[in-house]
Every structure is written in C-alpha cells, then in structure tokens.
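Q: Residue numbers (full-length UniProt numbering): 1 to 415. Have a look at this one.
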C-alpha cells in the first residue's frame, strides 16, 4: 500500500498495534468493504488478536433489527437486511450461503404461483454474532411421520458458515397436520463463544387413548457439535396449530407463547393462550395458562409484553408492561403505542414482531394491504416514528422468513 494521509506517512511503516487501532475505529461494514485495498486489510479480520480487540472496542454498539427474505431475481437468494436507526432505512447485507439453488427455485415457484401455499418453512435466529437459518421438512409414512431440520450458522461479516448435523424426529402414527416446532437459539457461555439451540416438536400421539399431545425436545451444543435428547413433556391442554414458534431466553428459562383451543371461548385479543417454559437447568417444561394472547420480548434483561387498552378519548392504545419477578406481577412502564400507529398493522397482535435494545424498540409486521412496515420507539425522546416503506416491502407478504432478530456485528464469533 502507498502513502497514507497528507503527511506522507507510509502505512506499512506504522507499528502493527497502531494500524489495528486505526482499523478498529471503522464500522464493521466499512471495515469489510475496505478489505479490497490490500492483502493486509483483507486478512486482518481473520486474525484472532484483532478480532478480539475489535469486538471489545465496539461492544457498546446497539444491535440492529435484521430480517431475511426470498429475493426472486436470478440467481434466487435468501437476502438479509438490517435496519439502520440513524439512517432510518433498511440496508442489505449478504445473502445466506450454502442454500441449494434447486431448493430456492422450488419454494420461489410455490410462493409466486400457489396462493394457498403456507409461509416459508424457514426461520431466522440470532445468537452472539451469528445468524442461524433453520429449514424443516416433513415426510409422511403409513407407520410414522419423519421431521427433518437442517441448520446453517453464519458470521455474515467474516462470511464463515457451518452446516450443523441434521436433527431428525420419528413421530409414531399418522399426522394429519404438520407438526409444530418450538425453537430458540441462545448463548450458553459468552466467554468461550458457545451457544445452544433448543428445538421441541409438538405432535399428537396416537399410541394411547385420548390422542394426547406431546413435546419432544432436542438440544444442540456448539461445544460438542451434536444433538442430544431433552425432556419429553405431555401437554395438559390442546394447542392450536401454529407451524413454528420462536422463543425468548430470560433468567435461565426459555419462553414460548402458544394458543390453545378456546372450547367455545373468546377469540381475538382475549383468546386463551399458554406460556410453555423450558427450564434449562432442570430440563423440564412448565405450562402457565394466560387469558390473553400477549407477545413477549426482552429489553436489556427485562421481560416485557404489550397489552390492548381501550381509550374513549385517544382510541385503542397498546401499553408496554414489564414483568416484576419479586412480586410476580406485570407493572406499567409508561410506554404507549398510539392507536394511529398500531392501526397501520393488521388487527392481530400475534401478527407483529417486537425487538428492543438500548434506546430503541422496533415493531414490525404486515399492514392490512400486505405491506411490510416498521415502527420505531426512542426511549430517551419518548417518541414513535414510522419510516417510509422500503422498495421491497410490497413483496414480502409471502417471501419473508419468519420473524425478526436483533443482531450484534462481531468478528470473533465462529459458527
């Protein structure tokens, strides 16, 4: 590399630690773009000492909301895009590696031409500095139903990825509906950059009278690289069919929100639901019925939800409330989503996704016109904003990978 700066100081003459300190001031996307300058800059993000220092120096950065969707332009890709809070826009990242083109072509044709085809059987998850793509398929037989899950774990900035061993279930008896999956990925050891993936398959057992419903659990540990069996749980209530449910890790527990059949009871916001909670340390499932379908999320170590409130003067508001573990009750946070913002989304609370960290809370979902929108709340300013839609927003109703995640760019996390 030639001269650096107006003073004519050669970059190569600077000590390595000084070079690294300069590069650590670049944002991760700028750092990756600058890799084309020279071989030294190309290889620096793969050096362990630099990766660790860079992550420490940038540890205060807020994670950003990330979504993934099927882009049908040739070649067909699963594209990730991150929301920039300052620029108020979505910015494309790389596309997910290792996904066979024949698979993408097949699901793209179904999305485009079969209006009754269900949403993509793909889920996006985030753990540490990694993004995880989960694909599942079902194979029916006369004696049993086979469920196969495949995972690709990826560092989008170093472009390092790994395909995990297949996770397979054999469910006895004929299944007339697709079995539901409850899935969550979480950090198990921050120091060693270890993570685990919890998967639970919900199915109806026909082996005994009453067709009881069960949860069959599998757990992947990145330290061993294998799937192991977890607790099997017989449900005390009949769950509504949900296809795939994403979890939330809080205080050693993984929470899932699921509906159960109302038995003639109410529908809508007040429909009966249940929190299915997995205790990581005890390897057991706990059921906690609730009267309303309230989506839960985590905000800097606090468990939160949003409830529907009728206000004769201001219209229907959404109050954000926080779980108080000492008293075992929900308490008001003072954060409210105005009715004029929430009414933009589809009427169902279950159709939105919420993520929050630091100063920002983001709510995403489809509008009544099937457009994808995001609403952002800034806690310091106590202000809501709904930015204009992206150019891709009108194409996402059927090609969007389920859910939104918070992702923190990190160079030191390995798949």
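Ideal Cβ positions, reconstructed from N, Cα and C, are used throughout, including at glycine.
Measuring alpha carbon to alpha carbon, tell me which of 190, 126, 170 ends up nearest residue 184.
A: Mapped onto the chain shown, residue 184 falls at position 184. The shortest C-alpha separation from residue 184 is found at 126.
Q: So what does DSSP say about residue 17, is it helix, strand or coil?
A: In the chain shown, residue 17 corresponds to position 17, counting from 1. Helix.
Q: Using DSSP with H/G/I as helix, E/B as strand and the rest coil, what is residue 253?
A: The count along the chain shown starts at 1 and reaches residue 253 at position 253. Residue state, collapsed to three classes: strand.
Q: Given 8 Å as the limit, is there contact between the region 323 to 333 and the region 353 to 373, that is, 3 or more CB pairs closer than that?
A: No, because fewer than three Cβ pairs between the region 323 to 333 and the region 353 to 373 fall closer than 8 Å, the two stretches do not touch.
Q: Apart from the five residues on each side of it in sequence, which residues of its chain come closer than 7 Å, Cβ to Cβ, to residue 231?
A: One-based indexing of the chain shown puts residue 231 at position 231. Excluding residues within five positions, the ones whose Cβ falls inside 7 Å are 217, 283, 284, 285.
Q: According to DSSP, is residue 275 helix, strand or coil?
A: The residue labelled residue 275 in the question sits at position 275 within the chain shown. Residue state, collapsed to three classes: strand.
Q: If you reduce the DSSP assignment to three classes, tell me which class residue 389 lands in.
A: For this step, residue 389 is matched to residue 389 along the chain shown. Note: residue 389 maps to coil in three-state DSSP.
Q: For residue 337, write down the residues that DSSP places opposite it in a beta bridge.
A: Sequence index remark: in the chain shown, residue 337 carries index 337 (1-based). 318, per the DSSP bridge assignment.
Q: Rounding to the nearest angstrom, what Cα-Cα distance links residue 147 and residue 229 in this structure?
A: To locate residue 147, count along the chain shown from 1; it is residue 147. To locate residue 229, count along the chain shown from 1; it is residue 229. Residue 147 and residue 229: Cα-Cα distance of roughly 15 Å.
Q: Going by DSSP, what residue range makes up the alpha helix (DSSP H) through residue 52?
A: Taking the first residue of the chain shown as position 1, residue 52 is located at position 52. Here the alpha helix (DSSP H) through residue 52 covers 48 to 57.
Q: Between the alpha carbons of residue 207 and residue 163, how many angstroms are there, rounded?
A: Position 207 of the chain shown, counted from the first residue, corresponds to residue 207. Position 163 of the chain shown, counted from the first residue, corresponds to residue 163. No answer about residue 207 holds up, because its pLDDT of 49 lies below 50 and its placement is not dependable.
Q: Does the count of Cβ pairs from the region 272 to 281 and the region 322 to 330 closer than 8 Å reach three?
A: Short answer: they don't touch.
Q: Taking the alpha-carbon of residue 17 as reference, which of 363, 358, 49 has the nearest alpha-carbon?
A: Within the chain shown, the letter at position 17 stands for residue 17. Of the listed residues, the one whose Cα sits closest to residue 17 is 49.
Q: When the Cα of residue 359 is compared with those of 28, 259, 379, which residue comes out closest?
A: As a first step, residue 359 must be located in the chain shown, where it is residue number 359. Nearest of 28, 259, 379 to residue 359, Cα basis: 379.
Q: Going by C-alpha distance, which of 32, 105, 63, 71 is nearest residue 478?
A: Residue 478 is absent from the model: the chain starts at 1 and stops at 415.
Q: Around the Cβ of residue 381, are there at least 16 other Cβ atoms within 10 angstroms (buried) or fewer (exposed)?
A: On the chain shown, residue 381 is found 381 positions in, with the first residue counted as 1. The residue is exposed, with fewer than 16 neighbouring Cβ atoms inside 10 Å.
Q: Spell out the partners DSSP gives residue 304 in its beta bridges.
A: Taking the chain shown and counting its residues from 1, the one referred to as residue 304 is at position 304. Beta-bridge pairing links residue 304 to 297, 322.
Q: At the level of alpha carbons, what is the spacing between residue 194 and residue 340?
A: Numbered from its first residue, the chain shown carries residue 194 at position 194. Numbered from its first residue, the chain shown carries residue 340 at position 340. Spanning the two alpha carbons is a distance of roughly 43 Å.
Q: Name the one or two DSSP bridge partners that residue 202 has.
A: Residue numbering aside, residue 202 sits at position 202 when the chain shown is read from its first letter. In DSSP, residue 202 forms a bridge with 180, 215.
Q: How many Å lie between residue 303 and residue 249 at the Cα?
A: Start at 1 with the first residue of the chain shown, and residue 303 comes out as number 303. Start at 1 with the first residue of the chain shown, and residue 249 comes out as number 249. Roughly 9 Å separates the two Cα atoms.
Q: For the alpha helix (DSSP H) that residue 28 lies in, which residues bound it at each end?
A: Locating residue 28 in the chain shown gives position 28, where the first residue counts as 1. Counting along the chain, the alpha helix (DSSP H) containing residue 28 begins and ends at 28 to 33.
Q: Taking DSSP's pairing of strands, which residues face residue 135 in a bridge?
A: Taking the chain shown and counting its residues from 1, one reaches residue 135 at position 135. Answer is 122, 150.
Q: Tell me residue 238's beta-bridge partners as DSSP assigns them.
A: Here the question's residue 238 lines up with position 238 in the chain shown. None, per the DSSP bridge assignment.
Q: Can you give the Cα-Cα distance for residue 400 and residue 122, rounded to whole angstroms?
A: Position 400 of the chain shown, counted from the first residue, corresponds to residue 400. Position 122 of the chain shown, counted from the first residue, corresponds to residue 122. Those two C-alpha atoms are separated by around 9 Å.
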